[in-house]
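Below is one structure, written out as structure tokens; comments come after it.
Numbering (the numbering used here), first residue to last: 898 to 1010.
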């Protein structure tokens, strides 16, 4: 059986807030640690029938990047729902939400200039 390892390294500041985030995966195309500004990890807890979440981001991640990151996550969830369950309704609802959020962020960014 094949195994794959995914590793995250979090460098914390004096207040224990993420200063730098790096990651590596044994199946990743490029070797070595790669830097990122944010991670969002969700784990299904079978015992409690609930989701455990870890959301970390560095101070240099902008608000616009954070919003785009979460819109991308939601879009990916919609596709995963479709692929794993075949539930087209849920998938389309999530896609529609993402489309509305993209319009919102784009409109918001127009007004910032």
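All residues carry an ideal CB built from backbone N, CA and C; glycine is no exception.
Option in the options with minimal Cα separation from residue i
{"i": "residue 951", "options": "919, 960, 939, 961", "result": "939"}
{"i": "residue 935", "options": "922, 929, 945, 960", "result": "960"}
{"i": "residue 992", "options": "943, 967, 901", "result": "967"}
Counted within 10 angstroms of its Cβ, other Cβ atoms place residue i as buried (16 or more) or exposed
{"i": "residue 975", "result": "buried"}
{"i": "residue 923", "result": "exposed"}
Simplified DSSP state of residue i, which is helix, strand or coil
{"i": "residue 992", "result": "helix"}
{"i": "residue 906", "result": "strand"}
{"i": "residue 938", "result": "strand"}
{"i": "residue 931", "result": "strand"}
Neighbourhood of residue i by C-beta, 6 Å cutoff - its chain only, sequence neighbours within 5 removed
{"i": "residue 908", "result": "916, 917"}
{"i": "residue 988", "result": "975, 978, 979"}
Close-in-space but distant-in-sequence residues of the same chain around residue i (CB under 7 Å, 5 per side omitted)
{"i": "residue 964", "result": "1002"}
Residues near residue i in its chain [Cβ-Cβ closer than 8 Å; skip 5 each side]
{"i": "residue 957", "result": "934"}
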